[in-house]
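In the working numbering, each residue carries its 1-based index in the first sequence increased by 31. Glycine included, every Cβ here is placed at the ideal spot set by N, Cα and C. Below is one structure, written out as structure tokens, with a few remarks after it.
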Amino acid sequence: MNIFEELGEKNTVFKCKKFLDHRFLPDKLPHREEQIRSVAKYWIEALNSVTPPDITIYGKTGTGKTAVAKFTKKQLLQMAKDKNLNVRVEYVRCTDYTTEYQVIAHLCQQMGQNVPYRGWTKAEVIQSFRNLFKKNVFGKDLILIILLDEIDILLKNDGDGLLYTLTRTENVAIASISNYVDFKKFIKPRVKSSLRDREIVFPPYNAQQLVDILEERAALSFRDNVLNDDVIPLCAALAAKEEGDARYALDLLRTSGELADEKCSDIVFEDYVREAKDHIEHNKVTDIIMTLPSQQQKVLESLLYLTKRKEEITSGRLYEVYKEVSKGDSVSYRRIFDFINELEMLGLISTKTISRGRGRGRTNIIDLQCEISLLEDAMWSA
DNA sequence: ATTCCACTGGAATTATAGGATG
DNA sequence: CATCCTATAATTCCAGTGGAAT
């Protein structure tokens with residue numbers, strides 16, 4: 032018997048898992064009707080052959096920013112097609128394309144222009160991009176809406192050069208999506224003035240709203256009557272605590288179901304949800320550590336050593352230990368501060384700066400923010 | 001108010017990869 | 001092919017800052 036056939040016949044609580052993936056775009060987005068309308072109100076200009084205004088979408092992770100943008104994109108393109116208009120909406124995730132060059136090169140490629148990843152100067156690529164608007168193949172003016180997801184990442188790495196060029200290109204509307212409200216501090220005044228920005232804020236989902244979302248998805252993805260009554264409310268409640276993160280709620284629900292399969296249970300019990308929570312957390316930490324550059328892993332190793340000896344960890348002491356750990360192949364004192372900040376961003380540690388007065392300067396007190404055993408496990412497998 | 005030191009922002013340097021050019 | 005360029009990421013170097021003890 033074929034192994035896949037055998038596995039395929041195993042009992043499962045799922046009908047189809049794909050609806051529990053946060054990337055799946057459902058036919059309707061509960062509790063986001065208002066936000067969809069707001070975006071559409073600006074983008075409708077494109078249907079009148081006018082370039083829409085630039086917009087900004089704010090909200091914490093899992094509040095439906097990307098989903099709303101993609102949903103509205105789909106609807107807009109439908110209308111544009113009916114009206115036979117040359118409207119395009121291109122989605123760019125700034126964690127995949129992290130510099131001005133890469134974003135514009137990617138856009139050119141999406142529009143059927145062959146551009147190399149490297150080698151050309153920035154100016155050549157920009158020229159190539161702007162040419163797209165001159166020779167309009169369809170005889171109609173092209174209107175391009177660019178969805179810049181997680182734009183804060185790009186601004187931090189590469190500055191505001193991308194926004195500068197895009198705002199200076201006709202027929203281009205920018206829709207930036209950001210996790211942080213203060214991402215505009217990276218934008219210089221010269222660009223800010225031309226970014227006549229409309230802002231749309233996404234509030235976190237509350238527990239009840241998360242229940243609605245989960246119920247809709249659960250109906251599609253689970254078999255009938257496999258979920259115990261309290262499973263969905265529990266997932267929703269846990270996710271509501273995590274700042275209303277719908278992605279997390281979906282993850283919990285899916286993992287709970289997988290646990291039920293693993294245990295050959297026909298029913299998903301509430302306990303599985305709690306187990307799923309630990310499971311997800313464990314995976315998150317392991318995943319972060321495994322993908323950490325080796326130098327940062329050495330910093331973590333030193334941190335672990337100091338924590339186990341219950342020493343108070345200052346950045347100076349940390350550097351001493353770090354130099355021990357990475358014999359010969361160490362990096363400068365300055366660089367360690369960046370690492371410390373990055374680790375703090377990832378939520379693995381917490382820091383507070385204190386000043387010890389004349390002659391002693393200031394220092395950082397560092398605390399590990401996760402279970403020692405969890406960290407050791409992850410380090411070992413890394 | 002001064003002072004001293006560890007922290008911090010940013011410019012400069014180094015290393016690497018890949019295209020253009022002759 | 002060798003040579004010259006550009007983009008980009010990682011790191012170092014250096015000139016400030018901040019703030020409690022003096």
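Buried or exposed by the 16-neighbour rule on C-beta atoms within 10 Å, applied to residue i
i	result
V232	exposed
V225	Per the sequence shown, the amino acid found at residue 225 is Ser instead of Val. S225 should be labelled exposed.
D58	exposed
S412	exposed
R63	buried
Q158	exposed
Q239	exposed
F35	exposed
I367	buried
D398	exposed
I320	buried
A154	exposed
Y148	exposed
G23	With the chain running from 32 to 413 in the structure shown, residue 23 is simply not present.
T322	exposed
C266	buried
D180	buried
T198	buried
G275	buried
K272	exposed
T152	exposed
K96	buried
K104	buried
Beta-carbon proximity of residue i to residue j, cut-off 8 Å
i	j	result
V176	A136	As written in the sequence, residue 176 is Ile, which differs from the Val given in the question. No.
N188	T130	yes
K49	F55	yes
Q400	I385	no
Y350	Y364	yes
V123	L186	no
E373	T382	no
V421	Y195	The structure shown has nothing for residue 421, since the chain only spans 32 to 413.
E301	N259	yes
T270	A280	For the sequence presented, residue 270 should be read as Ala rather than Thr. Yes, these two residues count as a Cβ contact at 8 Å.
L263	V242	In the sequence on display, residue 263 carries Ile and not Leu. A contact, by the Cβ cut-off of 8 Å.
K91	N210	yes
I403	E343	no
T394	S346	yes
A111	L78	yes
L38	S252	no
D421	V222	Nothing about residue 421 can be reported from this structure: the residues present for the chain run from 32 to 413 only.
L193	V146	no
Y303	S333	no
R278	H53	yes
Cβ separation of residue i and residue j, assumed to be a contact under 8 Å, to the nearest whole Å
i	j	result
G288	V44	5 Å
P235	T94	6 Å
F102	I75	Actually they are not in contact, since the Cβ atoms of F102 and I75 sit about 15 Å apart, beyond 8 Å.
C139	I182	Actually they are not in contact, since the Cβ atoms of C139 and I182 sit about 19 Å apart, beyond 8 Å.
L415	F164	For the chain, the structure presents residues 32 to 413; residue 415 sits outside this window and is missing.
I86	D228	7 Å
A250	V316	Their Cβ separation, rounded to whole angstroms, is 33 Å, which puts A250 and V316 out of contact at 8 Å.
Y89	E230	7 Å
V432	L107	Given a span of 32 to 413 for the chain in the structure shown, any question on residue 432 remains unanswerable.
V257	V299	6 Å
L377	H313	In fact, because the Cβ distance is near 15 Å, the residues do not count as touching under 8 Å.
Open item on the list: For the region 214-224 against the region 237-247, do three or more pairs of beta-carbon atoms, one drawn from each stretch, fall closer than 8 Å, so that the two count as touching?
Closed with: no
TODO: Count the CB pairs spanning the region 300-314 and the region 272-289 that are closer than 8 Å, and state whether there are at least three.
DONE: yes
TODO: Taking 8 Å as the threshold, find out whether the region 352-360 comes into contact with the region 321-336 through three or more Cβ pairs.
DONE: yes
TODO: Can you check the region 291-377 for any alpha helix (DSSP H) of at least 4 residues that lies completely inside it and give the ranges in chain order?
DONE: Runs found: 301-321, 325-339, 346-356 and 364-376.
Open item on the list: Please give me, in chain order, every unbroken run of the beta strand (DSSP E) with length at least 3 that falls completely inside the region 149-193.
Closed with: When DSSP assignments are scanned along the region 149-193, the uninterrupted stretches of beta strand (DSSP E) that are 3 or more residues long and fall wholly within it turn out to be 174-180.
Task: Contiguous alpha helix (DSSP H) assignments of at least 4 residues, all confined to the region 85-116 - done: 96-113
- [ ] Ignoring anything shorter than 4 residues or poking outside the region 193-244, list the alpha helix (DSSP H) runs there in chain order.
- [x] 220-223
- [ ] Report the residue ranges of all alpha helix (DSSP H) runs contained in full by the region 240-279; include only those spanning at least 4 residues, in chain order.
- [x] Counting only runs of at least 4 residues, the region 240-279 fully encloses the following alpha helix (DSSP H) elements, listed from N- to C-terminal order: 262-272.
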